[in-house]
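Chains as they are written, first to last, in my numbering: chain A, 50 to 439; chain B, 267 to 621.
Note that beta-carbon positions come from the ideal geometry of N, C-alpha and C, so glycine has one too.
Data first, discussion second: the structure below is written as structure tokens.
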Amino acid sequence: MNLTEKKLHNDVYIEPPLTPKQTRMQEFRHLFGQNRLAILGLFMFILFFFCAVTGLFLTSGSKPIFDPAVVRLQEKLRPPLAKPHLDSLQPEEIPALGIYLMGTDDLGRDVFSRMLQGAWVSLTVGFVAVGISVLIGIFMGGMAGYFGQHHIRIDHILFIFAFILGTGLIIAKFAFIGTVILLLCLTYLSYFLLTRQGSTKKEPAALIAMLHIKAVTVDTLIMRVVDIMLCFPSFFLILTVVALLPASIYNIMIVIGLTSWMGTTRFVRAEFLSLREQDFVAAAKALGLSNFRIIFRHIMPNAIAPVLVSATIGIASAILTEAGLSFLGFGVPPPHATWGNILSDGKNFIFDAPWLTFIPGIVILIVVLSFNLFGEGLRDILNPKLRERH
Amino acid sequence: MIDGRTPHDRPLLRVENLKVYFQSNVTRARAVDGISFDVREKETVCIVGESGCGKTVSALSILGLIPTPPGEIVDGQILFFGQDLIKLDEKAMQNIRGNHIAMVFQEPLTSLNPVFTIGDQVTEAVRTHRHMEKEPLYRYCVQLLNDVGIPSPEQRINDYPHQLSGGQRQRVMIAMALACDPDLIIADEPTTALDVTVQAQILALLRSIQKKRSMSVLYISHDLGVVSTIANRVYVMYAGIIVEQGNTNQIFRSARHPYTQGLLASLPSLSKRGKRLYSIPGSVPNLSYKPKGCPFHPRCRYKILSCQKEYPGMCDYGEGHLARCPVLFKSKGYEGSSEIHENTMRCTSGNSHTK
Numbered sequence: 050m051n052l053t054e055k056k057l058h059n060d061v062y063i064e065p066p067l068t069p070k071q072t073r074m075q076e077f078r079h080l081f082g083q084n085r086l087a088i089l090g091l092f093m094f095i096l097f098f099f100c101a102v103t104g105l106f107l108t109s110g111s112k113p114i115f116d117p118a119v120v121r122l123q124e125k126l127r128p129p130l131a132k133p134h135l136d137s138l139q140p141e142e143i144p145a146l147g148i149y150l151m152g153t154d155d156l157g158r159d160v161f162s163r164m165l166q167g168a169w170v171s172l173t174v175g176f177v178a179v180g181i182s183v184l185i186g187i188f189m190g191g192m193a194g195y196f197g198q199h200h201i202r203i204d205h206i207l208f209i210f211a212f213i214l215g216t217g218l219i220i221a222k223f224a225f226i227g228t229v230i231l232l233l234c235l236t237y238l239s240y241f242l243l244t245r246q247g248s249t250k251k252e253p254a255a256l257i258a259m260l261h262i263k264a265v266t267v268d269t270l271i272m273r274v275v276d277i278m279l280c281f282p283s284f285f286l287i288l289t290v291v292a293l294l295p296a297s298i299y300n301i302m303i304v305i306g307l308t309s310w311m312g313t314t315r316f317v318r319a320e321f322l323s324l325r326e327q328d329f330v331a332a333a334k335a336l337g338l339s340n341f342r343i344i345f346r347h348i349m350p351n352a353i354a355p356v357l358v359s360a361t362i363g364i365a366s367a368i369l370t371e372a373g374l375s376f377l378g379f380g381v382p383p384p385h386a387t388w389g390n391i392l393s394d395g396k397n398f399i400f401d402a403p404w405l406t407f408i409p410g411i412v413i414l415i416v417v418l419s420f421n422l423f424g425e426g427l428r429d430i431l432n433p434k435l436r437e438r439h
Numbered sequence: 267m268i269d270g271r272t273p274h275d276r277p278l279l280r281v282e283n284l285k286v287y288f289q290s291n292v293t294r295a296r297a298v299d300g301i302s303f304d305v306r307e308k309e310t311v312c313i314v315g316e317s318g319c320g321k322t323v324s325a326l327s328i329l330g331l332i333p334t335p336p337g338e339i340v341d342g343q344i345l346f347f348g349q350d351l352i353k354l355d356e357k358a359m360q361n362i363r364g365n366h367i368a369m370v371f372q373e374p375l376t377s378l379n380p381v382f383t384i385g386d387q388v389t390e391a392v393r394t395h396r397h398m399e400k401e402p403l404y405r406y407c408v409q410l411l412n413d414v415g416i417p418s419p420e421q422r423i424n425d426y427p428h429q430l431s432g433g434q435r436q437r438v439m440i441a442m443a444l445a446c447d448p449d450l451i452i453a454d455e456p457t458t459a460l461d462v463t464v465q466a467q468i469l470a471l472l473r474s475i476q477k478k479r480s481m482s483v484l485y486i487s488h489d490l491g492v493v494s495t496i497a498n499r500v501y502v503m504y505a506g507i508i509v510e511q512g513n514t515n516q517i518f519r520s521a522r523h524p525y526t527q528g529l530l531a532s533l534p535s536l537s538k539r540g541k542r543l544y545s546i547p548g549s550v551p552n553l554s555y556k557p558k559g560c561p562f563h564p565r566c567r568y569k570i571l572s573c574q575k576e577y578p579g580m581c582d583y584g585e586g587h588l589a590r591c592p593v594l595f596k597s598k599g600y601e602g603s604s605e606i607h608e609n610t611m612r613c614t615s616g617n618s619h620t621k
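Given below as structure tokens:
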């Protein structure tokens with residue numbers, strides 16, 4: 050052993066630095082470059098994004114360049130690319146492009162301006178709804194995957210139930226009962242925190258002991274809620290909720306978001322189940338990091354790839370859902386144009402003015418398709434198992 | 267013998283009668299079954315033993331990282347600066363981990379997070395436990411990487427773990443552990459996944475850092491060769507208990523427990539060239555069904571009848587050299603000197619026998 054010891058003392062060997070052939074970004078670009086459909090999808094997505102953002106600026110404000118609300122009854126149902134009859138129009142009613150690029154509808158409103166305005170609605174609905182669903186999905190999936198083995202006691206379930214009930218009652222304007230229930234929750238919460246800090250080990254009374262029975266694991270609870278949510282035909286669930294709530298674009302975003310988080314939850318949970326056993330999680334714990342930091346900073350970036358893919362495809366389905374709702378008249382209230390209600394208005398004139406249905410229909414098709422293509426391309430790239438199949 | 271290594275006598279970490287059991291549906295695996303050891307300041311203490319004898323579990327329980335639904339610390343104390351770590355709550359433990367006690371893991375390949383740069387990961391502990399501006403933090407990180415012998419750290423700092431070699435990754439792991447200047451580093455077989463030359467470099471690195479920063483190291487290994495080069499004191503574990511303890515010289519020159527003797531005899535060396543290497547017959551018992559009495563007796567060549575019945579006590583050979591084998595103790599003529607029968611460790615036959 051003395052021999053090895055001497056050798057170790059004049060240890061000046063330096064490992065030669067390694068030069069990687071490709072960075073991750075280069076590899077990503079290379080793989081993405083091979084997938085033409087995904088590039089097409091990305092291109093369409095960027096175009097759509099650009100249109101929606103410029104559309105917002107061009108169609109809003111007190112004096113917008115493209116005013117989607119100008120009614121020109123004498124110019125109704127003009128075909129695409131038709132020139133306006135300048136003699137019968139006020140100067141501010143003349144479309145900014147000089148022609149009706151996509152025709153006019155039954156009230157003589159410029160379909161092009163309305164499509165631009167609708168693009169912004171579709172974009173925000175798509176992104177906000179998916180944002181909500183991804184946030185909920187990541188949170189629920191992370192909890193189920195990371196804290197899955199922890200038990201929930203009956204009093205926890207009762208507390209959450211009472212809290213939701215109380216909030217619901219207050220929202221539904223039963224303020225008194227709601228406040229009482231919420232106050233009860235608050236007392237319980239303070240009692241809970243106090244007993245936890247004191248941690249006095251007294252024998253609890255029979256009733257409290259019953260409440261302390263470990264009912265289900267976190268994992269079981271969350272995944273069964275997911276199963277229950279998946280049982281509902283979500284479009285009809287959304288229809289019911291939207292029928293009860295006042296019609297507004299925000300309600301629609303929230304409702305779509307709240308009914309589409311289940312897929313993300315399952316993905317995230319599955320990733321977490323394997324990742325939490327990895328050594329680097331143990332190493333992070335040994336560095337003294339909190340659970341919160343480990344979940345969201347150390348595990349989440351490793352689990353994000355499938356979420357990203359499902360979110361991209363989720364945007365497409367959210368846009369489609371919003372268009373469907375608007376088509377049925379449950380969506381964004383009428384003066385505001387969305388692709389769904391342009392389509393819906395146009396269906397009465399489908400033989401006289403087919404462009405009123407075809408233009409929004411084809412645009413929805415292209416946007417949804419491009420998101421799907423992009424999402425599938427992302428999945429192929431991010432999942433190494435699928436790479437070799439091309 | 268212990269040249270240049272002069273450990274202080276004050277215990278930094280003292281583990282007393284630690285018992286960690288893992289409960290499954292039908293059985294209870296007694297992974298760590300009443301071990302006691304201490305680590306003094308500026309000292310390197312090694313825990314040696316076969317796979318599955320509870321080394322890693324004892325290390326993890328010091329940091330409170332035992333996965334608690336199956337595992338449970340049943341009994342014992344872990345005193346760090348006189349403070350019982352078992353009684354601390356999670357928040358206080360998080361302050362200890364990484365800040366006062368750091369750990370170097372076995373597999374450098376999987377212990378680094380693949381999505382972050384190494385600079386990010388090395389500074390993670392500092393960002394968690396201390397507040398430091400971005401610029402000094404960067405310089406500190408470069409300094410750390412330089413200390414652990416990573417060439418051109420300014421460039422490496424932005425690399426991802428997959429761009430480094432195994433040895434470099436283990437150096438990064440050590441840099442991570444050093445980041446908050448801990449009082450104790452627990453190294454859980456840090457060189458197992460590395461080849462022999464890199465292993466020698468990492469060991470030399472650990473030793474020079476320990477000397478420079480005057481910290482204690484609890485080194486867990488199954489490799490007696492490694493242990494002999496770095497340890498001040500050695501604890502030999504078998505099936506969840508410590509069977510022998512003493513300083514390096516005592517353990518390697520005059521092992522008093524048949525298990526330690528067997529381990530040493532099975533080391534290859536030049537004098538044994540051409541002969542068949544000794545191996546201890548049998549294998550480690552299932553921790554859920556440990557044999558009654560001395561857990562080593564089914565494999566022991568000195569066993570007598572009482573070994574099957576009586577849990578062996580620690581026998582004192584003087585100068586801190588203890589071995590848990592009364593049979594050898596008596597036969598070697600130490601009859602007159604003191605034999606410690608620690609009451610806490612001496613299980614009654616009903617207790618040591620599992621269902």
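First and last residue of the uninterrupted alpha helix (DSSP H) at residue i
{"i": "residue 300 of chain A", "result": "298-307"}
{"i": "residue 134 of chain A", "result": "Looking at the DSSP string, residue 134 of chain A is not in any alpha helix (DSSP H), and its letter there is neither H nor E."}
{"i": "residue 171 of chain A", "result": "160-195"}
{"i": "residue 315 of chain A", "result": "311-324"}
Test item: CB-CB of residue i and residue j under 9 Å
{"i": "residue 323 of chain A", "j": "residue 382 of chain A", "result": "no"}
{"i": "residue 439 of chain B", "j": "residue 336 of chain B", "result": "no"}
{"i": "residue 165 of chain A", "j": "residue 218 of chain A", "result": "no"}
{"i": "residue 419 of chain A", "j": "residue 92 of chain A", "result": "yes"}
{"i": "residue 141 of chain A", "j": "residue 133 of chain A", "result": "no"}
{"i": "residue 546 of chain B", "j": "residue 525 of chain B", "result": "yes"}
{"i": "residue 441 of chain B", "j": "residue 364 of chain B", "result": "no"}
{"i": "residue 312 of chain B", "j": "residue 501 of chain B", "result": "yes"}
{"i": "residue 372 of chain B", "j": "residue 378 of chain B", "result": "no"}
{"i": "residue 368 of chain A", "j": "residue 90 of chain A", "result": "no"}
{"i": "residue 395 of chain A", "j": "residue 402 of chain A", "result": "yes"}
Beta bridge counterpart(s) of residue i as assigned by DSSP
{"i": "residue 513 of chain B", "result": "B/499"}
{"i": "residue 294 of chain B", "result": "B/289"}
{"i": "residue 656 of chain B", "result": "Residue 656 of chain B falls outside the range modelled here, since chain B spans only 267 to 621, and no answer is possible."}
{"i": "residue 363 of chain B", "result": "B/367"}
{"i": "residue 305 of chain B", "result": "B/279"}
{"i": "residue 350 of chain B", "result": "B/345"}
{"i": "residue 435 of chain B", "result": "Looking at the DSSP assignment, residue 435 of chain B forms no beta bridge with any residue, so it has no partner."}
{"i": "residue 149 of chain A", "result": "A/131"}
First and last residue of the uninterrupted beta strand (DSSP E) at residue i
{"i": "residue 337 of chain B", "result": "337-346"}
{"i": "residue 310 of chain B", "result": "310-314"}
{"i": "residue 558 of chain B", "result": "Element bounds for residue 558 of chain B: n/a, residue is neither H nor E."}
{"i": "residue 202 of chain A", "result": "200-202"}
{"i": "residue 525 of chain B", "result": "Note, residue 525 of chain B: premise wrong, no beta strand (DSSP E); alpha helix (DSSP H) at 524-531."}
Through-space distance from residue j to residue i, alpha-carbon basis
{"i": "residue 329 of chain B", "j": "residue 285 of chain B", "result": "14 Å"}
{"i": "residue 550 of chain B", "j": "residue 325 of chain A", "result": "29 Å"}
{"i": "residue 278 of chain B", "j": "residue 351 of chain B", "result": "12 Å"}
{"i": "residue 356 of chain A", "j": "residue 289 of chain A", "result": "28 Å"}
{"i": "residue 375 of chain A", "j": "residue 424 of chain B", "result": "49 Å"}
{"i": "residue 249 of chain A", "j": "residue 240 of chain A", "result": "The pLDDT assigned to residue 249 of chain A is 49, lower than 50, so where the model puts this residue is not dependable; a value taken from the coordinates is nonetheless given after this. If you take the alpha carbons of residue 249 of chain A and residue 240 of chain A, they lie about 13 Å apart."}
{"i": "residue 214 of chain A", "j": "residue 228 of chain A", "result": "10 Å"}
{"i": "residue 339 of chain B", "j": "residue 282 of chain B", "result": "12 Å"}
{"i": "residue 181 of chain A", "j": "residue 556 of chain B", "result": "54 Å"}
{"i": "residue 319 of chain B", "j": "residue 561 of chain B", "result": "11 Å"}
{"i": "residue 111 of chain A", "j": "residue 417 of chain A", "result": "32 Å"}
{"i": "residue 58 of chain A", "j": "residue 475 of chain B", "result": "Here residue 58 of chain A scores only 47 on pLDDT, less than 50, and its place in the model is too uncertain to base an answer on."}
{"i": "residue 439 of chain A", "j": "residue 338 of chain A", "result": "Low local confidence applies: a pLDDT of 44 at residue 439 of chain A is under 50, so the model's placement there is unreliable, with the coordinate-based value given in what follows. Using only the alpha carbons, I get a separation of about 42 Å."}
{"i": "residue 236 of chain A", "j": "residue 258 of chain A", "result": "18 Å"}
Residue from the options whose Cα sits closest to the Cα of residue i
{"i": "residue 325 of chain B", "options": "B/452, B/394, B/379 and B/292", "result": "B/452"}
{"i": "residue 360 of chain B", "options": "A/372, A/364, A/349 and A/336", "result": "A/336"}
{"i": "residue 516 of chain B", "options": "B/509, B/508, B/531 and B/499", "result": "B/499"}
{"i": "residue 173 of chain A", "options": "A/99, A/279, A/202 and A/120", "result": "A/99"}
Check: residue i C-beta below 8 Å from any heavy atom of the ligand NAD
{"i": "residue 220 of chain A", "result": "Questions concerning the ligand NAD fall outside what the structure shown contains, since it holds no ligand whatsoever."}
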